[in-house]
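Undergrad:
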Amino acid sequence: MAFAKRSDGRKFDELREMEAKVGVVKRADGSAMFRIGKTIAYAVVYGPRQMYPAFLQDPEKGVLRCNYNMMAFSGSGERVRPGPSRRSREISLVTEKALMPALDLSNYKNTVIDVFVELIQTDSGTRCAGITAAAMALADAGIPMKDMVASIAVGKLGDKILADLTKEEEDYENAVDIATAFLIREGKVTLLQMDGELKKEDLIEALKVAKKACEQINKLQVKALKEKYKTK
Amino acid sequence: MGELKVQDKEIVIPGEVLAVGMDFLPANGTFREEDKIIASEMGLVNVNGRLIKLIPLTGRYVPKKGDTVIGKVVDIGLNGWRVDIRWAYEANLGLKEASSDFIDSRRTSLTDYYDYGDVIMAYVVFTTGSKIIDLSMRGPGLRKLIGGRIIEITPSKVPRVIGKQGSMITMIKEKTDCKILVGQNGRVWISGAEPKKEIIATKAIRKIDEESTADGLTDVIKEFLEKECK
Amino acid sequence: MNDYIITLVQKGLRDDGRDFKEYRPIKIEYGVSAKSAEGSARVKIGDTEVIAGVKMEIGEPFPDSPDEGVLIVNAELIPMASPEFESGPPRIDSIELSRVTDRCIRESGFIDFGKLCIKKKEKVWIVFVDIYPINDSGNLFDAACLAAVAALKDAKFPALDGDKADYTKHTKELPLKKAPTSCTVINIKDKFLVDPMTEEEKDAMARLTVASIGSTVCALQKGGEKPLSIEDIDKMISLAIEKNNELVKLL
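Protein sequence lines correspond, in order, to chains A, B and C. In terms of this note's numbering, the first sequence opens at residue 1 and continues consecutively. In terms of this note's numbering, the second sequence opens at residue 233 and continues consecutively. In terms of this note's numbering, the third sequence opens at residue 463 and continues consecutively.
#1: By how many angstroms is the C-alpha of G247/B removed from the C-alpha of R419/B?
#2: Taking 7 Å as the limit between beta carbons, can you name the residues of its chain near E235/B, skipping five residues before and five after?
#3: Please state if the CB of L276/B and the CB of L289/B are separated by a distance shorter than 8 Å.
#4: Of all the options R669/C, F524/C, G479/C, which has the alpha carbon lying nearest to the alpha carbon of K582/C?
#5: Could you check whether the stretch 18-32 of chain A touches the stretch 92-103 of chain A, counting it as contact only if at least three pairs of C-beta atoms, one from each stretch, sit closer than 8 Å?
#6: Quick one: what's K615/C bridged to in DSSP?
#7: On the criterion of 16 or more Cβ atoms from any shown chain inside 10 Å, does K640/C qualify as buried, or is it exposed?
#8: Taking 8 Å as the threshold (C-beta atoms), are D8/A and T166/A in contact?
#9: Using C-beta distances below 8 Å, list every residue in its chain close to E687/C, excluding the 5 sequence neighbours before and after it, in chain order.
#10: To the nearest angstrom, how far is it from the Cα of D451/B to the Cα of E635/C?
#11: If I measure Cβ to Cβ from V315/B and keep anything under 8 Å in the same chain, skipping five residues before and after, which residues do I get?
#12: Looking only at C-alpha atoms, which of I382/B, S331/B, E242/B sits nearest to R375/B?
#13: Decide if G155/A is buried, meaning its Cβ has at least 16 other Cβ atoms within 10 Å, or exposed.
#14: I think D171/A touches D195/A, with their Cβ atoms under 8 Å apart; what is that distance to the nearest whole Å?
#15: By how many angstroms is the C-alpha of V249/B removed from the C-alpha of I270/B?
#16: Using 8 Å for Cβ pairs, my map puts I422/B next to C410/B. What's the rounded Cβ distance?
#17: Are there 16 or more other CB atoms within 10 angstroms of the CB of L56/A, so buried, or fewer, so exposed?
#18: Closest by CA to V414/B, which one among T408/B, L342/B, P427/B, R392/B?
#19: At the level of alpha carbons, what is the spacing between G349/B and L327/B?
#20: Counting beta carbon pairs with one atom in the stretch 421-440 of chain B and one in the stretch 482-497 of chain C, are three or more of them shorter than 8 Å?
#21: Tell me, please, whether the stretch 586-602 of chain C touches the stretch 534-543 of chain C by the rule of three or more beta-carbon pairs shorter than 8 Å.
#22: Helix or strand or just coil, what does DSSP make of E90/A?
#23: Between the C-alpha atoms of S85/A and I91/A, what's the straight-line distance to the nearest angstrom?
#24: What residue range does the alpha helix (DSSP H) around C214/A cover?
#25: Note down, in chain order, each residue of its chain lying with its Cβ closer than 6 Å to the Cβ of G380/B, except the 5 sequence neighbours on either side.
#26: From which residue to which residue does the alpha helix (DSSP H) around T126/A run?
#27: Return no unless some Cβ of chain C is closer than 8 Å to the Cβ of P427/B.
#28: So, do the stretch 356-364 of chain B and the stretch 330-344 of chain B have three or more beta carbon pairs nearer to each other than 8 Å?
#29: Chain C partners of G380/B, CB-CB under 9 Å?
#30: Using a Cβ cut-off of 9 Å, pull out every chain C residue sitting near I431/B, in sequence order please.
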């Protein structure tokens, strides 16, 4: 079945309008805001700091602890009940796994680097926006990183591979939704989640589209980080 | 053969390629991967011959042996004090290291020396780099700091605040008539006769923290101080 | 201890050069989560930043007010706003912040609850106001109240689709009357200061948060360990009423 046009008029590999800003929470060690379309994510880093409870400490290196949360008014339908849900816990876990390969926490033995991701407004691609913001916040906090991480969701609708799916596109009949994150310089995948049925060739094609999209997102990350540290 | 991909004093982000080729050597804040030298943190590029290093622009304090630090007493035990030095873990100040005098804990209370909330200037004798940090106050200039105020700045900016051979900090001290001590952990103690002058010194030091990447910073601060201290 | 704040105050000075009666610069932004929330706002008082959002649902009224809508105010001290906040169940501070903001709005008559009734005894609008500090640089109380009121002013009813709420369409604004604001006054030694920043909050011996409209006080909350004399409270309330009359003009 052929997929013809995107309802917002974007090209198949085109991303929604994006915005990135670093240093948005003064008291934090590092912070960033990333907006893609109408999804707005804040990420804030505190650390290295003391790790409670002590049995979770790692004597060889620092521990990364991510917490993803949606503000109660950020969902498009009813209010989101505050507090962790199974979904938010899962997203916290994959966020951590998406970021860890980029970090070098060997100088921070027995400590924790806390990353808090808060969604102010959601319109699909929330976990990806959170990861993209978190990577900037970690760099802003001075955490040693071997590479930057950017994240995007791509999908297959009908016979086309699309980048940055909207909610409507995610719900399309037989749509396949693929969340990805890439180490930019190495070009390697750190997050890969998929929903649906897909041939291998299509998946590889989708990953190539995602990689290019992440490189594009990374340009904004670089700009936002350098902006903060430039002297006016 | 080698090619520098960035300029001296350029701001770079983690993962950015700084140089290609085996000619260059990675130093602080950079690492080599195959034939490339790559930045491992947010920093300012510093090229010294073949050595490429980064001056960090941000990041928390990590204790190192020999650092002079300004700490706050947060707990008192039987054998010494626990001190907050802006690290994830509290540092230890033992009885033997707390003073050039001999402290007999059976005769005097530890609080007679340093009480909860007291601010001290000490140095790091030993650290494992994580949970154990041992301090000592036996040495010139190491003492309890009374009065004045404490401000906190980015630890990696401390060298800028001090300046070449102390030139920057001396200028601020002279123009604001304040006593100023800077800890490697990014804590600064300022004590002046007039609170207004303390506030000006505070603003000058925060300005250095925020604008550290600017050219001609010394002149900028000089102008600022002259304007404020009329 | 950092006595320098106390030393400054005794000399009539504040660390950031403000007057005792002066607020830090205030910015209010409406519709920051316009796509999702029924109403939302971001308030900055100096570096302190709070976001509030309004969501509305249809539900049953309370038995003792069968023809009135319901208001639920929830402030969460999320860990991003300060190194001193932790994840987990609400701590005393976030409960105090929720309840003080709730009283500020509820007791002021700001919302006309009667006009939130859809069908007496059966269906009313439930108005949720969720408040999140983004950065705590002191005086979350006033920022939270201002953000909550601003979010309510920004809010519009979801359309009614028979029995259910249709969140894809919004109709008219909420039935609101005069807006309340809150002013927090702290006491250091024998001086009174408004809008405490973090360092001043730590040295405050007592704190009084006063919500008012015009010359009518609608909510009060005292914090801090030091007891206050009636004369002190009189002075603090007068000061707060004066500042609230200025603050409300910003909405």
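By construction, the Cβ of each residue, glycine as well, lies at the ideal position given by its N, Cα and C atoms. Values in this document were obtained by computation on a predicted structure and should not be read as measured data.
TA: According to the structure data:
#1: Translated into positions along the second sequence, residue 419/B becomes position 187. Translated into positions along the second sequence, residue 247/B becomes position 15. Counting only the Cα atoms, G247/B lies some 30 Å from R419/B.
#2: Position 3 of the second sequence holds residue 235/B. A251, V252, G253.
#3: If you number the second sequence from 1, residue 289/B lands on position 57. If you number the second sequence from 1, residue 276/B lands on position 44. The Cβ-Cβ distance between L289/B and L276/B falls below 8 Å.
#4: Position 120 of the third sequence, counted from the start, is the residue given in the question as residue 582/C. Checking every option, the nearest Cα to that of K582/C belongs to F524/C.
#5: These segments do not touch.
#6: Here the question's residue 615/C lines up with position 153 in the third sequence. K615/C pairs with nothing; no bridge assigned.
#7: In the third sequence, counting from the first residue as 1, residue 640/C sits at position 178. Answer is exposed; the Cβ neighbour count stays below 16.
#8: For the purposes of this step, residue 166/A is identified with residue 166 of the first sequence, where counting begins at 1. For the purposes of this step, residue 8/A is identified with residue 8 of the first sequence, where counting begins at 1. Judged by beta-carbon spacing, D8/A lies within the 8 Å limit of T166/A, meaning their Cβ atoms are closer than that value.
#9: Residue numbering aside, residue 687/C sits at position 225 when the third sequence is read from its first letter. M667, A668, listed in sequence order.
#10: Along the second sequence, read from residue 1 onward, the residue named residue 451/B stands at position 219. Along the third sequence, read from residue 1 onward, the residue named residue 635/C stands at position 173. Going from the Cα of D451/B to the Cα of E635/C covers about 55 Å.
#11: In the second sequence, the residue the question calls residue 315/B occupies position 83. Within the same chain, V315/B has close Cβ partners G303, K304, V305, V306, E322, A323, N324, L325, I352, A354, L367.
#12: The residue labelled residue 375/B in the question sits at position 143 within the second sequence. Distances from the alpha-carbon of R375/B to those of I382/B, S331/B, E242/B put S331/B closest.
#13: Residue 155/A sits at position 155 when you count from the first residue of the first sequence. With 16 or more Cβ atoms within 10 Å of its Cβ, G155/A is classed as buried.
#14: Within the first sequence, numbered from 1, the residue matching residue 171/A stands at position 171. Within the first sequence, numbered from 1, the residue matching residue 195/A stands at position 195. By a beta-carbon distance limit of 8 Å, D171/A does not contact D195/A. Their separation comes to about 11 Å.
#15: Residue numbering aside, residue 270/B sits at position 38 when the second sequence is read from its first letter. Residue numbering aside, residue 249/B sits at position 17 when the second sequence is read from its first letter. The alpha-carbon atoms of I270/B and V249/B are separated by roughly 5 Å.
#16: Residue numbering aside, residue 422/B sits at position 190 when the second sequence is read from its first letter. Residue numbering aside, residue 410/B sits at position 178 when the second sequence is read from its first letter. A Cβ-Cβ separation of about 5 Å places I422/B in contact with C410/B under the 8 Å criterion.
#17: For the purposes of this step, residue 56/A is taken as residue 56 along the first sequence, with counting starting at 1. Residue burial annotation: L56/A is exposed, with fewer than 16 other C-beta atoms found within 10 angstroms of its C-beta.
#18: As a position in the second sequence, residue 414/B is number 182, starting the count at 1. With distances taken between Cα atoms, V414/B lies closest to R392/B.
#19: On the second sequence, position 117 is the one that residue 349/B refers to. On the second sequence, position 95 is the one that residue 327/B refers to. Those two C-alpha atoms are separated by around 18 Å.
#20: No, the stretch 482-497 of chain C is not in contact with the stretch 421-440 of chain B.
#21: Touching, yes.
#22: Residue mapping note: residue 90/A aligns to position 90 of the first sequence, counting from 1. DSSP places E90/A in helix when its eight states are reduced to three.
#23: One-based indexing of the first sequence puts residue 85/A at position 85. One-based indexing of the first sequence puts residue 91/A at position 91. Our two residues, S85/A and I91/A, have alpha carbons roughly 10 Å apart in a direct line.
#24: On the first sequence, residue 214/A is found 214 positions in, with the first residue counted as 1. That run of the alpha helix (DSSP H) goes 200-229.
#25: For the purposes of this step, residue 380/B is taken as residue 148 along the second sequence, with counting starting at 1. Answer for G380/B: W421, I422, S423, listed in chain order.
#26: To locate residue 126/A, count along the first sequence from 1; it is residue 126. Taken as a continuous stretch (DSSP letters only), the alpha helix (DSSP H) holding T126/A covers 126-140.
#27: As a working note, residue 427/B is residue 195 in the second sequence. True, the Cβ-Cβ gap to chain C drops below 8 Å.
#28: With the cut-off at 8 Å, the stretch 356-364 of chain B and the stretch 330-344 of chain B do not touch.
#29: Here residue 380/B refers to the residue found at position 148 when the second sequence is read from its first residue. By Cβ distance, chain C contributes Y466.
#30: To locate residue 431/B, count along the second sequence from 1; it is residue 199. Neighbours of I431/B on chain C, chain order: L470, L475, D477, D478, G479.
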